[in-house]
Each structure stands twice: as C-alpha cells, then as structure tokens.
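Protein chains in written order, with the working numbering: chain A, 46 to 1047; chain B, 228 to 731. Every residue gets a Cβ at the ideal spot worked out from N, C-alpha and C, and that includes glycine. A quick write-up on the structure given underneath.
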C-alpha cells in the first residue's frame, strides 16, 4: 500500500517523463540500455512478462513497472524491487526464485539506475532473453585444415598422428611406443568385434611378418558379421532401444527387433552414413517399398512409450495430451541428440538458456513428428512381394470403383420399389441403439416412498394415435446398494394404451401383473406384442407395488420403446409425463426414458425379423433386375475381383516392425491420426511447456544452424506428414550442417579411444565440452563426409593410426601433465562392457551360438503377462538353448533390466547413453563370482578343457590362454596347477573369469 | 564414463585428477569399505588427504550442518487415499451420498465422480496434538506427536507411471535417478560391508516402473538401490554361489589366488587406480557375504520387539483374502529389517507397499472398494511404520533418521462405482518424521473435501519435500547437480523450497 502511495506522488518524475536534469536522465538511460535492460531480460523476464506475470508483476514495459509500484524513481531505499533482490536479515534474496542471486555489481547498476530516475526509453519493450550468440565452435561451418607438419614423422602412420603429435608437442607431452603385438590383436578384436581373439587369429597375426599384417587384420575383422553386432550395440545405446515400452505395465514390443537387425545389417553393409541417417527419419517416404526404408523408422519409436497414457486415455483428456506431448518430446530429443549432438529438450519449457534454440524451434520439430505414434507397421520382408502387393492393391481399387458404378446402375434398374425398401431400411438402421457402451443417462426415477404399495405411473405421448405393434420396456442398472440390474423394477405393474392422457376412457390393458409379484427381469427387454389393429396415443406403465431400494421404495425404468407393426420406434424422444419424478440429470430424468440409451441395448427381435424380410425382398428385386449386358459386366467384375482378393491372400504374410508411424487405432483411446488420413496434429508453442497454455501455432522446421537458410522448412501448404520428415532428413545430412558430420566422427572416435575429441558426445552446446583437437575433428568430418561416408573406412583410418597403436603403459611425467590422457599420449586401458563379458564367457565356454537376427531371446521367465508382466530373471535357466546367443539379440526389458548386465554397467534404455559407465564395485565381484550364468559357463568351459586334453598342465595352459590371450608364467602355471589338482577345473574356470586381466584390455 | 559433477559450484570444475580419483572412491564407497581403500590410496597420492575418512567424500561436501544422516522412504504403490487415512473430512460425513459438486469441471481418470463418499473408517483424535487419524492407521496414533503431515501435495497427472516417477525421481519421465541414488551420490556410505541404498520391494510384484524408480540413471551405476529380499535364499542377488563344486575352501583359495594374480598384473600397470579398486572389490564382496545374513537375521530380536512389530502372530499361511495379519507380516518385517540395516550404517532404505496395480488388489489402487483393500494394507503399514518409529526412538536413532511416507497421488472424495475412489492427482498427503522434523503438526491443508489444496495458489510439491529432506541431510538442493547431456540436473529439477515450518 505504501508503495502505491509513493508511486502516485512520484509517477511524474521517473519511469515516464523525467523532469530532472537532462544530464541525469541521460545517465539513467545509458545505465538502462547498457546494464539494466539486459539484466531484466536475462534474469527476470522468464517469470515477469505481461503474459506471464507471476506475483502479478511484469517488467516488460515502463507502464507495467509503473503499475506495480515496485520501483520508486530517485529513491532506491523505497524501491521494493531492490529489497527482494538483496535479501534481508541474512536470509537469501527472495528473487530471482530458484536461481543464483544477483551479483553485487548487478544490484549496484539497478540502484544507480533508480537513483538517477529510473529512466526507461519511450516505447521500449523488453523481451525475454534468447541466446542469439552463434559464436560457438560447433555452430561454425566445417573448416578445411592443412595437416600439421611435425618434427618426428617417423612415428606417424597417417594424418591423424600429425594432428595428435602437434597437440602433444604444444602440451610438452610425448607419445608412447607401439604396443606389443599380442596386446594389439586383443585390443583390436575386442574393439571391432566385441569378442576375444581366437587362438588362431592370434597365431596368424603373430606369424604374419609382412609390413601390412596389421592392416590386413583390420580388413578381415571389418568384413566379419560380428563387426555389425558389436557396433550396432553402440548405436542402440544412443537410440535408447529396448524391446518393451517401459513405464507402467511394461509390456513387450514383439516387433521392435527388425530395427535392431536393420542397424546390424547397415553396419555390416557399410551403408553410407547419410543414407543411414535419412532412412531412420524418413526411409518409408524416401525409399518406399524397401525393407530398410520401413524398418529404419524403428529409430523414431525406439525410446519409452507410456502405455497407460495412450492406451487408456484419449487425446481429448488433459492427461492424454500430456502423454502425447512427452512422447513427441522423446522423438525430437532423440533425433537431435543422436544425429546433431544437440540438447534441445530444455526448449520444451523455455528458450534454451545457453544455446541459440528457442521454444519456437523446439515445437517446430515437434510438428515434424506430429502425425506419428509408436505402433506396429506392416511391411513385406521381400521387396518383390512388396511390388506385387502394391500392384494388386491398385488393381483392387480399380475394380472396386468399377463395381460401385455397376451397383449404381443395377439399383437404378431395380426402380422405385428398391428405393422404398432402402429408405425403410435406413430408417430402421437409424433407430438402432448407437452403442453398447454404458452411458450415465440411466432413466426415469420416481420419488422415494417409505412403503411399497403406492401406485406410480409414467407414460409416453406418441403425438397422435398410432398403430402399435410392440411395446418394449427395459429395467435400469445402478450399482447402488449392490442392486445392480433391474434397479427400481416394480414387482407389480400394468401396461396400458389409450387415446386419453388421463386413462379414464378407452383403455386397453396389455399387461397386468398387479395381482402377484413377478421376478425382477433385470435389464432383459420386456417385449409385449399388441393385438392386431391396436392404436393409441398414450402408453402408460403403472407400478402398483414399488421396488425395494434399501429401507425405502421406488419405481425406475431405463427405457420405453413403442414399435409400429412395421417396427418403427415412435416413442423415441417423445414427451414423457409421470405421477412424480426425481429430476437429477444426467443420470435420472423423465426424458432419459425415451433417449435410446439403456443397458445392453441391442436390436430387438421383432426389428431384426423386419429387417431380414426387407433384405430378402431387396435381394429378389436386384436379382430380377440383373440381365443382359449388365449381367455380363457384373459377373466379370465379380470374378476378377475374386481373383485379386485371392492373390492378395496368397501373398506371404506381412512382417511387422514397431516404428514411428501413422497409427490407425481402433477403439476409443489410442486412435492416432490414421482416421484423419495421417494429417499431423496441430502443434502449439506451449508456454512453460504446459499443455494448457498454448501460444502461437508451430510450423515444421528445425534449429537455425545452417547459415543462409530458413530454419522453417519451405513446404507447400498441401504437404503431407512424410514431406515434413523428408525435409528434416535432408536438413540433417546437408553438407552444410555443421553438427551432423562432427557428431558421428566424434562418436566413432570415442568408441575407439575411450573419450571423444569432444568429451560430451551428446552435447556440442555451451554446456558441453570444447574439442581437444578442433582441427582434427573438422578434418575427420570433412574426410568422412566427402569420401563416401563409409564408417568402415573411418574405423580403418582410426585404428591404423600410430595413436591407436600406442602402448597403454603409464608414464609418470606425462601423467602429471595430463592425467586424463586428453591429448592421447598413450592408449587408454578399458574394462570390457557387459555384453563383451557375457559374449566372451559364452565364446570361451564353447557355448556361443553365432546365429544372427530375429526376435530377442529371453533371459527371464515371464509371469503375469496379461496385466503387468513380471520378468523373473532368477528363474531363467542359463543353459536354455535360445539364450546362448550374443547379447545384442537379447530381449531388453526397459523397466526391469537384466540385473547381471546392469551391474556390469550395461546401458539404461530409458535414456540416450552416449558413453558407458565403467565402474568397479563389490556387486560386480559378486556377480562374476556367483551369478548362475557364470557358475554354469565355468562348468562348460571346464568340459571343453577335458575335451582338449587329459593333462591338467595342458588344460591350465589352454584355459589361461583362452581368457587372457597368452600363456601363464611358470609361477602362475604352478599355482593354478595346485589349485586345479585340489579343486578341479570347474573352480579353475570360475577363477579365471574373475581375473583383472580378463576384464581389462590394455 | 561419469559426467562432470560437483556438489559445490557447477560452473567450477575440480581438477581432472580429483575427479577420476573421486569417481573410484565413490564407487567403492558405496558401501564397500571406503576406509580401507582410502588408507591405501593415501600412500600413493597426497590428494586423497582432502577426503573425509568418515564419509569417503571430500570434506567440503555438506553445504550446512546436517540434522539427519539417514532416510527411510515408505512408498505406497497404486495411490493411497489421503481422505481415508490421514486427512479427516467431516464434510464428507455430512454430505455422504449427495451428488458431488466440485464447483468446476473435473477430469477424472476413470469415471469416479459419483456422490460424495465418507470414509468407511472412523476417525478419532490422537496424541497431545489431537490429530485425527483413521482407525486403520490407529497404531500411528502412538507416535503422531512425532509426525508432521502435509495435506496439500499436488501431482501433475493421474497416470500411475508418471506419478510414481515424479514422486520417486522428481521427474515424470524415465531416465532420472531415484532420491536414494542422489543421496548415496552426495553423501556416500557409512559402512564398509553393506550397500548404501537398500530397496525392499513388495514381494508380490513391483509398483509402476519397477526398478527404474531406484535406478541410478545418469549417476554411476553403483548408486542404484540394491534390492534386498529378506527371508529368501539369496537376499542380495548373487551374494552366494549356488553350485556344488564351489566349496568354502575352493572359494577362499580362489579369492587368495585372484588377489595374487591381480596384484601381479597391477604391478606392471602402474597409475591405474581401477586395478587396485577391483582387487579391493573382491575383499569387500567377501565382507558383504558375511555381514548381510547377519543383518537380516531376526532370530536375536527379543519377543517384545517382535510383538511391537506385530510379528508374533505365529502364523505361516494366511488364506486367499487380503487380511491385516498377512499385510502386517509383509510390511512390518521389512520395517524391522530396515531398523537393523540403519543400525549397521545403511544410509537410505526404501520400502514399498503394493504391487503392480493388478487383481486381486494387493495395492492401493482402490477403484472398486476402499474398505476391502485400504483396510488391511493400512493396518499392516501403520503397524510397521509405528513400530519402526518407536524402535528408532528408543535407540536414540530417530533424531538422525528422516522417515517419509509417500504415494503416487491421492484419491477422489467422490464415489467410483459404489465403494471405490478414482485417482486424485490434485491433492494428497505426505508425512515426515524424525531427523529434525517438527512433530505433531500439520502444514498445508486441503479443502473441505480433500479435492484440492485449500490455498490453491500455494500447494506443496514433491520438489519441496525432496528439498526439505536434502536440507535435513545438510545438502542445498540447488547445489547438488550433475551435468548430463548438456543440462545440470538436480533432484528438484528447477523447483523446490525447503519447507521451513516443518523443521524443528
């Protein structure tokens, strides 16, 4: 209150027209422009604009601030704004909420601005800060760089080494010598295949003294199908692929795996990366009819899906819209994180705080996916079948069009009689109950009485006296007091017809149950056939004994139908009167008695009979009209149509893939956009991400990172949803996109070297890391982009470098300067991933089945599959034959992941995982020692030893070499021999699987 | 790889060396002998000197003095009804059976907007504070003067999965760490032979989202909740080998040889703390094998304790129908185990009541019949919770242990079908106890029906509850951040206020 009073006094000297000295105003304006306006825009406006005035306070315009009274020009000590920013009595400042307090300098500028009169330039409106600054490394175009010259060229093997050496020298670091050949082969095979080198691979390489022995080994490995299985796993980590939905009732997606197989196939085929990217966003649009084109779109649906939020809640409900908004958020985030290393998800609720991405950009990307849902999509696994199916479908629609023309001709030929029958059929059709779904419009309900024997009537006025064929009445269903069906149905009643509304004159009695109680018929329709020739205007039902409710009595009825002899319901929506009534809409009111809604409503037997009769007549009429050339044409059309239908049926069945697709849902909740012809949902920019606060409509577009282009896609007004995705796909792989090419070479680099050139592979923005070797990154990106986009060539380039071939040995001096090995003065040692450990254990135990592709195998027993599946891992038999395959083929459960694999830092499929954790814990020790898979495989490994040799000494040597890649030393051999002699080879194998040397690769 | 993370200033990054080292300390510190490892590492590198041997964490970690050290979270899966347990509504008794009128359009999850429905249970006042509690939580009457109720919590949606995520991780989508993970991450372990964060799920099935509610997400894996299933052969997965060929002796000798071989391997690979850490991890695993069965063995609990927890019923089978004795057996036993774990230095225990919202109902999702399901579940829950509070108090542990009772959302004051209630994400109850919480108070009222907060402008949210619990543990919720994929993530997202009136 105080502030307002002061404001009135001072309104004329600040914030509006300053009457102080021109110099003071000048200074105040300058402070405003240089310091205060940017400060308010960046720190306050996110909550205090005219549109979103938290605490009823806006800082957008001078007028708004004046209105608030929180600033008293010339008087900092009386300005409320300063006190909430400063904090009082050691309490932290109240504003800005949930953010760092303002700095001292910032508060000083504000104080000074107020002291000098709080000048605000006329017509200056502040706007919420956007990061417009594009001066950031990852947004700059790719730069061609020359390969640096280095003083020690002898060490170098390819240009990568020049870039790395140059940085090492900058940092006073020295490169390491090449690792021993045994270590190299183990490193390389695990890296490229995710499996241990076989003894023969090792031997071949060790014996091959040719100068290009290493390069040829690389070629052999890249040609192995095991390569795609290993590298697809990296990709699926980023795409957060799993075989169940996640969330509540985590159900299996039985058709997710074709996407997983697509990724494996694409890596093995060395598909050009641009094509790989485009297929995953819009393969179905750009390469229709191809298997890869459809299965690739499993990328869009790879992440979690809220089953309840979609399957049990329609889009008309708020919760349903929230679920779909979050669903699209996952599609958008996954696309931008994966392909562009850009964190866009922040912009769902507010403009990105660090990168030049606004909410508009974000929602423009949501609109690209706005027609899609996650659902099964059919496709032909054989492209020839696809072509044949397309041709048959075309033929079928031609024939159906022809049939429609012929049918019309035939109906015309059948004349007026047919038209009359059709009209009547249409009328009968119209009066059918609309749906069987229970509606809340229960029916008619009398007043409640304390004793039963009180007569109460209810009647329908048919408008005029009409012929009456049948009278039908139906009891109610209400769960009150567990009565349920037949709620309020009177034990004694009569049914009468009259032309007199008061039923004094000319009353025909049709039913009289007034003398004895009858059994409650529930909701079974009571059908009364009237005597031939009966006419009447009013139909009355009178209860003479009321139904018992709890301790009281009443009369209720769901519906009355009055059918003419030819079965037209003439009671529908007619006037209903009654002795009394409880009018309590929507459930109870008189008009509910003739509204067509009643429990279990189905077509009544007399009506069915009438319809059947009419249809019989219709058939006869058409048959007699069919003759001459019309008959020839119709017969021919029928025959060919039958042929086509049979041919479609004979095609091999359609395969399915769980994909991002236009969904044609049946039922009422998860319907998708199929019924709308796949027209995208209208997407609005949501203020604060709130579904209830839509602002302007978003149009398809992306983030503004390609200079000289419009971030909105130039699409014609009539474009399809597929056009939107095709536009996004084209944008992603544009030569000028500064993110896509850097992103992929950085990911590949990271998987080979342990950390990326940019050590935040999903974020190249200001919250991410800067590149350690920016020139190398751009050089690799351009090489990759311009020379075929071959991942296999990129692998070969990387693993053939001297950098990759370095020893992983420690170097005290280098370590002091660069303990994290950012500049790659050595090769990193790494722990095997969960999949590598499991696959290797299977392999050396002789149990690995190399079969590729197909539905995922289960490492659990599923219980309660219908409601919420329980995935019981501890009940799985580790010897179950289908489960003896590589881990990439296991069925991945999102909400209940495999505990053994999780303990070994397997990726969490609820989120994009660009880099695996590499932890060392006691639970891991317990898992490797005691998990039943490990225990059982140790026995198989031991059986294999027995088959290799009868001699313990040889068995120990063989086993040790399998696990570590080399023979034990004499001491080790002796120790293991003693252990084996005492405890057997089962225990020996269990021990070997727990060696550090087994789980770490030098 | 662990993202950059810091407990102090997210813009300042500590040295790389420190980060690597701390990562491994943390991993081992998750219940597995940080002390021993610290001693060992200290010889190698003076940086370790700045680590607090008591917590395995850097000394400056606490943002302010802590009131509490431990947390117990009791989570009711399926959504427990506030108006039938803790939030007494005389207006519902008065208007029972009348058509419900919310004064605005209400979007129900199903169709539960039937007449107002009074609770099938009677409410009576308890304790010095005179708080009204329902008869089915009567045992909590004994300790009501230690409890602070919050009746104006609001959620975001009435969808089980999103709501469970929101209450367990602070986010309504998958991919975020549970509260226990954050606390494990922030404070580390207080023991060297048990996990830091223990979860005891309802043995009949997981609540919505299952283990994702306690998954570490982007925190290092070892901060995830470790499931303990008391009374089963392997209460912790893979604790003991189930193979005849492994004998005590072959096992012991294998561990000796492993240490010997691994040490040899390490000697030729200096400068890699992971190799040492892994050697240690086998020693710690062995300790855990010994300590876990002891911690879970209730045979040394005296009769009066078993009686207090209601575990003296002497029954081994319980019949088909849901019943209070069986529910007490399940929930209360977990509470007693929780006390033993807390005594042994476990920092965070999460106990779940209610399975996957299926049928027959063994969960709080009472769309059909509040009395049938809520009755026995609440009697079991309240007996266990009350005994745990009393037990901790008599051992002087309550003042350092925060107990949080929570659920997914509330239930509507109107009827669904005849005797059930629909979801109410617009208002529900949490309560807190111990660990610096002011007892015997109610903070934040619901309206006369329990439909929405009385003051709709100022509701409480999960962020506020989480911020308050972190505060009691000495952590400023705004400063506990981890950078993940370009965002500095917090348990409380960008929200949350410490609820000062709840703190004594």
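Checklist entry - chain A beta carbons: is any one of them nearer than 8 Å to that of residue 727 of chain B? => result It does not; no Cβ of chain A falls within 8 Å.
Item to check | Spatial neighbours of residue 513 of chain B in its chain, beta-carbon cut-off 8 Å, leaving aside the 5 residues before and after | outcome: Apart from the 5 residues on each side of it in sequence, residue 513 of chain B sits with its Cβ closer than 8 Å to the Cβ of 482 in its chain, given in chain order.
Checklist entry - When we look at the beta-carbon of residue 450 of chain B and count the other beta-carbons within 10 Å, is it buried (16 or more) or exposed? => result With a threshold of 16 other beta carbon atoms within 10 Å, residue 450 of chain B meets it and is buried.
Checklist entry - What do you get for residue 325 of chain A, buried or exposed, if any count of 16 or more other CB atoms within 10 angstroms of its CB means buried? => result So residue 325 of chain A counts as buried.
Item to check | Where residue 415 of chain B sits in the DSSP three-state scheme | outcome: Coil.
Checklist entry - Listed from N- to C-terminal order along the chain, which residues in the segment 952-975 of chain A have their beta-carbon within a distance smaller than 8 Å of any beta-carbon of chain B? => result Listed by position along the chain: 953, 955, 956, 957, 959, 960, 961, 962, 963, 964, 965, 966, 967, 968, 969, 970, 971, 972, 974, 975.
Checklist entry - Taking the Cβ atom as the reference point for each residue, do residue 657 of chain B and residue 639 of chain B lie within a distance shorter than 8 Å? => result Their beta carbons are not under 8 Å apart, which means residue 657 of chain B does not touch residue 639 of chain B by this criterion.
Item to check | For residue 253 of chain A, the first and last residue of its enclosing alpha helix (DSSP H) | outcome: Taken as a continuous stretch (DSSP letters only), residue 253 of chain A belongs to no alpha helix (DSSP H), as it is neither H nor E.
Next on the checklist: Looking only at its chain, what residues have a beta carbon closer than 8 Å to the beta carbon of residue 222 of chain A, apart from the 5 residues adjacent to it on each side?
Outcome noted: Contacts found: 851, 852.
Checklist entry - Would DSSP call residue 646 of chain B helix, strand or coil? => result Here residue 646 of chain B carries a strand assignment [DSSP, helix/strand/coil].
Item to check | Spatial distance of residue 442 of chain B from residue 734 of chain A (CA atoms) | outcome: Rounded to the nearest angstrom, the two C-alpha atoms are 26 Å apart.
Item to check | Within chain A, the residues that residue 472 of chain B reaches when beta carbons sit closer than 7 Å | outcome: Within 7 Å Cβ-Cβ: 1029, 1031, 1032.
Checklist entry - Do the CB positions of residue 7 of chain A and residue 468 of chain B come within less than 8 Å of each other? => result This structure gives no information on residue 7 of chain A, because the portion of chain A shown stretches from 46 to 1047.
Next on the checklist: How far does the alpha helix (DSSP H) with residue 407 of chain A in it extend, from its first residue to its last?
Outcome noted: Residues 404-413.
Item to check | Short-range partners of chain A found in the segment 310-335 of chain B, where Cβ spacing is below 8 Å | outcome: The segment 310-335 of chain B vs chain A, Cβ under 8 Å: 326, 334.
Checklist entry - If you draw a straight line from the C-alpha of residue 677 of chain B to the C-alpha of residue 541 of chain A, how long is it? => result Across the structure, residue 677 of chain B and residue 541 of chain A are spaced so that their CA atoms are roughly 50 Å apart.
Next on the checklist: Rounded to the nearest angstrom, what separates residue 566 of chain B and residue 631 of chain B at their Cα positions?
Outcome noted: Distance between the alpha carbons of residue 566 of chain B and residue 631 of chain B: 15 Å.
Checklist entry - At a cut of 8 Å, does the segment 941-955 of chain A reach the segment 1007-1015 of chain A through at least three beta carbon pairs? => result Result no; under three Cβ-Cβ pairs closer than 8 Å.
Next on the checklist: Just verifying my parser: in three-state terms, what is the DSSP assignment at residue 928 of chain A?
Outcome noted: Assigned with DSSP and collapsed to three states, residue 928 of chain A falls in helix.
Next on the checklist: Check whether chain B comes within 8 Å of residue 1020 of chain A, counting only Cβ atoms and requiring the distance to be less than that.
Outcome noted: In terms of beta-carbon proximity, residue 1020 of chain A lines the interface with chain B, with at least one pair separated by less than 8 Å.
Checklist entry - So what's residue 518 of chain A in DSSP terms, helix, strand or just coil? => result Residue 518 of chain A sits in a strand when the DSSP states are folded into three classes.
Item to check | Start-end ranges of the alpha helix (DSSP H) lying completely within the segment 862-899 of chain A, minimum 4 residues | outcome: For the segment 862-899 of chain A, whole alpha helix (DSSP H) runs of length 4 or above, ordered along the chain, are 879-889.
Item to check | Interface positions of the segment 275-308 of chain A facing chain B (Cβ-Cβ less than 9 Å), listed along the chain | outcome: So the list reads 285, 291, 292, 293, 294, 295, given in the order they occur along the chain.
Checklist entry - By the criterion of Cβ-Cβ separation under 8 Å, what are the contact partners of residue 550 of chain B in chain A? => result Neighbours of residue 550 of chain B on chain A: none; closest Cβ ~22 Å, over 8 Å.
Item to check | Candidates A:240, A:445, A:196: closest to residue 690 of chain A by CA position | outcome: Looking at the Cα atoms, A:445 is the closest of the given residues.
Item to check | Cα-Cα separation, residue 99 of chain A to residue 92 of chain A | outcome: Taking the straight line joining both Cα atoms gives about 6 Å.
Item to check | Residue from A:628, A:672, A:608, A:674 whose Cα sits closest to the Cα of residue 655 of chain A | outcome: Residue 655 of chain A has its Cα closest to that of A:608, out of A:628, A:672, A:608, A:674.
Checklist entry - Are the C-beta atoms of residue 519 of chain B and some chain A residue less than 8 Å apart? => result With 8 Å as the cut-off, residue 519 of chain B does not count as an interface residue toward chain A.
Next on the checklist: So with CB distances below 8 Å, who are the chain B contacts of residue 351 of chain A?
Outcome noted: Taking a Cβ-Cβ cut-off of 8 Å, the neighbours of residue 351 of chain A in chain B comprise 386, 388, 389, given in sequence order.
Checklist entry - What are the uninterrupted segments assigned as alpha helix (DSSP H) that are 4 or more residues long and contained completely in the segment 570-655 of chain B, given in chain order? => result For the segment 570-655 of chain B, whole alpha helix (DSSP H) runs of length 4 or above, ordered along the chain, are 597-621.
Item to check | the segment 501-512 of chain B: positions lying closer than 8 Å to chain A by Cβ | outcome: For the segment 501-512 of chain B, the set of residues with a beta-carbon nearer than 8 Å to any beta-carbon of chain A comprises 501, 502, 504, 505, 506, 508, 509, 511, 512, in chain order.
Next on the checklist: Quick check on DSSP: helix, strand or coil for residue 514 of chain B?
Outcome noted: Looking at residue 514 of chain B - three-state DSSP - the assignment turns out to be helix.
Checklist entry - Can you tell me the Cα-Cα spacing of residue 973 of chain A and residue 471 of chain B, whole angstroms? => result A direct Cα-to-Cα measurement between residue 973 of chain A and residue 471 of chain B gives close to 17 Å.
Checklist entry - At which residue ranges does the segment 180-224 of chain A contain complete alpha helix (DSSP H) runs of 4 or more residues, listed in the order of the chain? => result With a minimum length of 4 residues, the continuous alpha helix (DSSP H) runs that stay inside the segment 180-224 of chain A are 204-215.
Item to check | residue 712 of chain B in three-state terms, based on DSSP | outcome: In the structure shown, residue 712 of chain B adopts coil according to DSSP, grouped into three states.
Checklist entry - Looking at the structure shown, is residue 1046 of chain A part of a helix, part of a strand, or coil, going by DSSP? => result In the three-state reduction of the DSSP assignment, residue 1046 of chain A falls in the strand class, which pools E and B.
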